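Residue numbers (full-length UniProt numbering), protein chains in the order written: chain A, 1 to 124; chain B, 1 to 449.
Beta carbons: idealized from backbone N, C-alpha and C, even for Gly.
Since this is a predicted model, take the numbers as computed values, not measurements.
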Amino acid sequence: MSAPHFAGFIRARPWLHRLVQPVANWYANAAAYRQLGLRADDLISEEDETVLKALKRLDEKTSYDRVYRMRRATQLSLQQKILPKAEWTKPEEDTPYLEPLIAEIIAEQKERAALDNLEIIKSH
Amino acid sequence: MISRSALTRGSQLALRRPNAAQRGFAAVASPKASYEPTDIAGVKVASRDDNGPVTRLAVVAKAGTRYEPLPGLTVGLEEFAFKNTQKRSALRITREAELLGGQLTSYHTREALVLQANFLREDLPYFAELLAEVISQTRYTTFEFNEEVEQLIHLKQKRISAASIALDAAHSVAFHTGLGAPLYPTADTPVASYLNEHSVAAFAEAAYTKPNIAVVADGASQAGLAKWIELFKDVPTSSQGQLNTASAKYYGGEQRVAKTGTNSYVVAFPGASLKDPKPETAVLVGLLGGASSIKWSPGFTLLSKATAAAPGAVAQATNYAYSDAGLFTIQVTGSAGAVRKATEEAVKSLKSVVEGSVAKEDLVKAIAKAKFDLLSGSETSGTGLVHAGANLIAGGSPLKVAETVKALESVTADSLKAAAKALLEGKASVAAVGDLHVLPFAEDLGLKV
Chain A
1 MSAPHFAGFI RARPWLHRLV QPVANWYANA AAYRQLGLRA DDLISEEDET VLKALKRLDE
61 KTSYDRVYRM RRATQLSLQQ KILPKAEWTK PEEDTPYLEP LIAEIIAEQK ERAALDNLEI
121 IKSH
Chain B
1 MISRSALTRG SQLALRRPNA AQRGFAAVAS PKASYEPTDI AGVKVASRDD NGPVTRLAVV
61 AKAGTRYEPL PGLTVGLEEF AFKNTQKRSA LRITREAELL GGQLTSYHTR EALVLQANFL
121 REDLPYFAEL LAEVISQTRY TTFEFNEEVE QLIHLKQKRI SAASIALDAA HSVAFHTGLG
181 APLYPTADTP VASYLNEHSV AAFAEAAYTK PNIAVVADGA SQAGLAKWIE LFKDVPTSSQ
241 GQLNTASAKY YGGEQRVAKT GTNSYVVAFP GASLKDPKPE TAVLVGLLGG ASSIKWSPGF
301 TLLSKATAAA PGAVAQATNY AYSDAGLFTI QVTGSAGAVR KATEEAVKSL KSVVEGSVAK
361 EDLVKAIAKA KFDLLSGSET SGTGLVHAGA NLIAGGSPLK VAETVKALES VTADSLKAAA
421 KALLEGKASV AAVGDLHVLP FAEDLGLKV
C-alpha cells in the first residue's frame, strides 16, 4: 500500500495545488518509472492482502497490461536500458487504476470493523 | 332489565384488563383469508392484515425462469439480491437487518422472483425502503459476481436432486420454452456465456419496473403501506429491456436422463392454472395425495396405497399452477425397482379413478384435504404470498379463498371421473431420471406421449 500522503489536503487548496504541482511533476519524472514504461500504481507493493484482493478485482485487460508493463520494465532493468522517448509513459496515461480499488477494499474493512464494534443504544 | 350484579362484573373485568383495546395475537377475531389488491403510487400492492406482531413484505417480480431472455439470469438476479447498492454495502444491509431482528430472503419460482423480508411490525419503514433500494439501486459489481454470486450458484448446483431434475425434464417436454426452462440450471448447462454481471443488470432493468412488480404485504397496516410504499417511486415505469413473454403451449412427450444415485419418475398432464383453477384437479390431487397426514397408517390416498406395495419409494401428486397453464404431476422418488413398481401402481390407480371405482367417503376425504391444503397454504407464509404476487403481475387478482372453497365442495364423483378421463386421453409428459435399465417407458405404462 502507499505511504501516507497529503494529496487530499493539497488538492483541497487550489493555491497550494498550483504551487506543488510543478514539483510533483518533476518528482514523478525524476523517479524514472515512466522511462521504463510503468505507471505509478504498478509500484504499489504486492505483498499485502488488501493489494492482492484488489489485483484479483482488476478486469482481464487491465491485469494483462499491468503484467506486460512489469515484464518489459524487468527486462529493461536487466539490460540497463530505458525505453525510447516516444514509448515513455505520458503523464496523462499515468492514471491510478489500482488505487481506487484499494480504497474501496479499505473502506469495506473499516465498515466491517465499525459494525463489529457497534454499540447499540436502544431508543425505547 | 339489566341486573346490577352483571353490570358490576363487566366493569370489574374491564378494570382488570387495562389495555382492552390492544388485544393480543391469539385474541384476534377472524383474519382475512384473501389478499386485497390495491394500487399505491403506481405500484400493484396486495395486502392482508391479521394484526400479528410480524410482517412479511415481499416484492414479487416478473423475473422467474419463464421470463428470462437468456438461461441462468433468474438465478443470477436472485443471488444479487441484497448485495451492494448505491447507498450502502451488502454487509451493512445484513447487519442492519440483524439488528432489527429481520430476515431477508430471495427465491424464485418458474414465474416469479421473490425478494422477501420478514420483520417486526414496527420496522415497516426500514424494510420498505430497503426493498425499494435493492430493486432500483443495486450496483451489480463485477467483483461481487466473481467472488460471491458465481460461487453460490456453483454450490447450489451441487445440491440439485434427481427429483428436481425429473420435474425440470417434465416441464421441458410439456412446455418446451418459457415454462419449460429449468428452475435451476444444472452444472452441465452451459450458462457461462450468458450469465455475467452485465446481463444480470440488463435483466434487472427489464424486470424491476412498476408494471412487472407487485408488492405483497402480510401483516402490515393499510395506513402504513399507503405511506411507505411511496418509497417505490424511484422504480422506473417502463424499460427498453425485453422479457420472454411468449404464452405457454402444452406439447407433451417423454424424456429419459441417466443418473447415478436416487431415481425419480414424473408423470405429468395439463393441470389447473391460476386463471382457471379447476376444482376437479385440486380434488384429484387430494385423492391421489401421497404423504399420509396421520401417523402409523398409509392413509386413504391412492398414491400412498400404491407405494405401500413398493417400500423405498415416495409418491406425491401436485398441481403446479402458473398464470396461463398448469402441470398436474405424479412424482415417484426412491430406489429404481421401487420407483418402477410404484409408478405402475400409481398409473393403475389413476385409471381406477376413470373407471369410477372411487369410494364415496374417499371423495369426501379428498375434498376435505383439498380445502385444508388451500386454506393452510394461503394462511402460512410461502404459497399464499407468492401466488398473490404472481396473480397480480400476470394481470389477475389474488385467489378468492372463500369462492374457491365453494367450488371445491361442488365437485362430484362424475365430474372427477370426467376430469381424470380427459387427462388420460390427452398427451402425457413423462420424465425418468436414474437407472434407465429399470425405469419403465411411458408406452409400458399405457400412457400416450
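For the 8 Å CB-CB criterion, B/D324 and B/K400 do not form a contact. B/A63 counts as buried, since at least 16 other C-beta atoms from the protein chains shown sit within 10 angstroms of its C-beta. By the beta-carbon neighbour count (other beta carbons within 10 angstroms, threshold 16), A/I120 is exposed. A straight line joining the alpha-carbon of B/N146 with that of B/K295 spans about 48 Å. Chain-ordered, the chain A residues with CB closer than 9 Å to the CB of B/T142 read R57 and D59.
Minimum Cα-Cα distance from B/F232 among the listed residues B/D435, B/K44, B/E254 and B/H437 corresponds to B/K44.
In the DSSP annotation of this structure, the continuous segment of the alpha helix (DSSP H) that includes A/N25 starts and ends at P14 to A30.
Within the stretch 103 to 122 of chain A, the residues whose Cβ lies closer than 8 Å to any Cβ of chain B are, in chain order, E108, E111, R112, L115, L118 and I120. Listed along chain A, no residue sits closer than 9 Å to B/S193 by beta-carbon distance, the nearest being about 15 Å off. The stretch 161 to 181 of chain B makes no contact with the stretch 196 to 207 of chain B; the number of CB pairs closer than 8 Å stays below 3.
Per DSSP, B/R159 has no beta-bridge partner at all. B/S193 sits exposed, since fewer than 16 C-beta atoms from the chains shown fall within 10 Å of its C-beta.
Counting of Cβ neighbours within 10 angstroms places B/H198 among the exposed residues, the total staying below 16.
Between B/A58 and B/L115, the CB-CB gap stays under 8 Å. Taking 8 Å as the CB threshold, B/L91 lines the interface with chain A. Separation of the CB atoms of B/A169 and B/V257 is rounded to 6 Å, and the pair is thereby assigned contact status at 8 Å.
Leaving aside the five residues that flank B/A248 on each side, the residues in its chain whose CB is nearer than 6 Å to its CB run, in chain order, F175, G178, L179, D324 and A325.
A/L58 and B/P53 have their C-alpha atoms roughly 47 Å apart. Each residue's CA atom was taken as its position, placing B/A317 and A/L101 some 53 Å apart. A residue is called buried when at least 16 other Cβ atoms come within 10 angstroms of its Cβ; B/L120 does not meet this threshold and is exposed. In the displayed model, A/P100 falls within a helix according to three-state DSSP. Residue environment: B/D444 is assigned as exposed (fewer than 16 neighbouring CB atoms within 10 Å of its CB, all protein chains considered). Per DSSP, the beta-bridge partners of B/K44 are B/D39 and B/A214.
The C-beta separation of B/A306 from B/A342 comes to about 6 Å, placing the pair in contact by the 8 Å criterion.
By the criterion of a C-beta distance shorter than 7 Å, B/S239 is surrounded in its chain by E205, A206 and T209, once the five residues flanking it on both sides are discounted. Only exposed fits A/W15, as fewer than 16 other CB atoms lie within 10 angstroms of its CB.
For the stretch 85 to 115 of chain B, the beta-carbon criterion of a distance under 8 Å to any beta-carbon of chain A is satisfied by S89, L91, R92, R95 and L99. Distance between B/L284 and B/A420, taken at the CA atoms: about 8 Å. B/E254 is bridged by DSSP to B/V430.
In this structure B/T55 is not in contact with B/S47, their Cβ atoms being roughly 10 Å apart against a cut-off of 8 Å.
A/L118 sits in coil when the DSSP states are folded into three classes, being neither helix nor strand. DSSP, reduced to helix, strand and coil, places B/Y265 within a strand of the structure shown. In the three-state reduction of the DSSP assignment, A/Y64 falls in the helix class.
Excluding the 5 residues flanking it on each side, B/V438 has same chain C-beta neighbours closer than 7 Å at A336, G337 and R340, in chain order. In the three-state reduction of the DSSP assignment, B/R66 falls in the coil class, being assigned neither a helical nor a strand state. Counting the other Cβ atoms within 10 Å of the Cβ of B/Q331 gives 16 or more, which makes it buried.
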